[in-house]
Amino acid sequence: MTTPKRLYCALILDESGSMSGLREATLKGANAWLADQRKDGPDDLLTLVMFDAPNDPAAPRVRVKYDGIPLRETVDLSLADYNPNGGTPLYDALGTTLGRIEADPRAKDRSVVVVVMTDGLENASVEYTHESLTAKIAQKERDGWKIMYLGANQDAKAVAASMALDQEFAVTYAPTPAGTAVAYEAASMSLKAVRRSSSDRAVSESLHEASATGETPH
Numbered sequence: 079m080t081t082p083k084r085l086y087c088a089l090i091l092d093e094s095g096s097m098s099g100l101r102e103a104t105l106k107g108a109n110a111w112l113a114d115q116r117k118d119g120p121d122d123l124l125t126l127v128m129f130d131a132p133n134d135p136a137a138p139r140v141r142v143k144y145d146g147i148p149l150r151e152t153v154d155l156s157l158a159d160y161n162p163n164g165g166t167p168l169y170d171a172l173g174t175t176l177g178r179i180e181a182d183p184r185a186k187d188r189s190v191v192v193v194v195m196t197d198g199l200e201n202a203s204v205e206y207t208h209e210s211l212t213a214k215i216a217q218k219e220r221d222g223w224k225i226m227y228l229g230a231n232q233d234a235k236a237v238a239a240s241m242a243l244d245q246e247f248a249v250t251y252a253p254t255p256a257g258t259a260v261a262y263e264a265a266s267m268s269l270k271a272v273r274r275s276s277s278d279r280a281v282s283e284s285l286h287e288a289s290a291t292g293e294t295p296h
């Protein structure tokens, strides 16, 4: 029997104002994802990040809820944890998350998998530019990191390609409660496939269960 891979996971949640209509669905989906991962990989590490661009310039745009802690130590998110507001500093959120994991020596002997959930496009980053982010992404993917991009209200594969993300791990999901639930379930199954050393195609096929547009792996 194959020994499951040890993972260093990240979940990046869009908390911008456009997510307000899916606040409860997002919390439900994220908590289901957390419960699945706690059960399947309790000793794997998790960084959980939320991002928005609030009107208050002093407020943080990228908030780190969990910073590389074992999944077994995580608890469910509450309504107080997730309050959609403001713009979408997607580049800052992704760049910051990659940087934090990169700086953690524990990531060197683990498989890194990053899951991004968003319903909008970049419009508010101040730390990372398109160029600086794509360079970091390209380097991390060369290092074997997997970055899964699930986007609503967009062509997720096109957006992923514009950021140098592997389109095989990019899926457009439906911006509805049901679509959100399916997206989190697909992301959860994909991580389970990574743990079991499944092929990239098998991981991609699991992720594409979330597709609202009939996308399939190439």
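Add 78 to a position in the sequence shown, counting from 1, and you land on the number used in our numbering.
Glycine included, every Cβ here is placed at the ideal spot set by N, Cα and C.
The Cβ neighbour count for I147, taken over all protein chains shown within 10 Å, is under 16; the residue is labelled exposed. Look at the beta carbons and you see the stretch 201-221 not touching the stretch 264-279: under three pairs across the two are nearer than 8 Å. L155 carries a coil assignment under DSSP once its states are collapsed to helix, strand and coil.
Within the same chain, H286 come within 7 Å of T294 by CB-CB distance, once the 5 residues on both sides are set aside. Around the CB of R139, 16 or more other CB atoms lie within 10 Å, so the residue is classed as buried. Rounded to whole angstroms, the separation of the alpha carbons of A181 and V190 is 13 Å.
In this structure, DSSP gives K235 a helical state, which the three-state scheme calls helix. Taking C-beta atoms as the reference points, T152 and R184 fail to come closer than 8 Å.
Per DSSP, the unbroken beta strand (DSSP E) holding L85 starts and ends at L85 to D92.
Taking C-alpha positions only, A239 is separated from S282 by approximately 15 Å.
The C-alpha of T254 is placed about 13 Å away from the C-alpha of S289.
Membership of K186 in any beta strand (DSSP E) is not indicated, and neither H nor E is assigned to it by DSSP. DSSP lists no bridge partner for A290.
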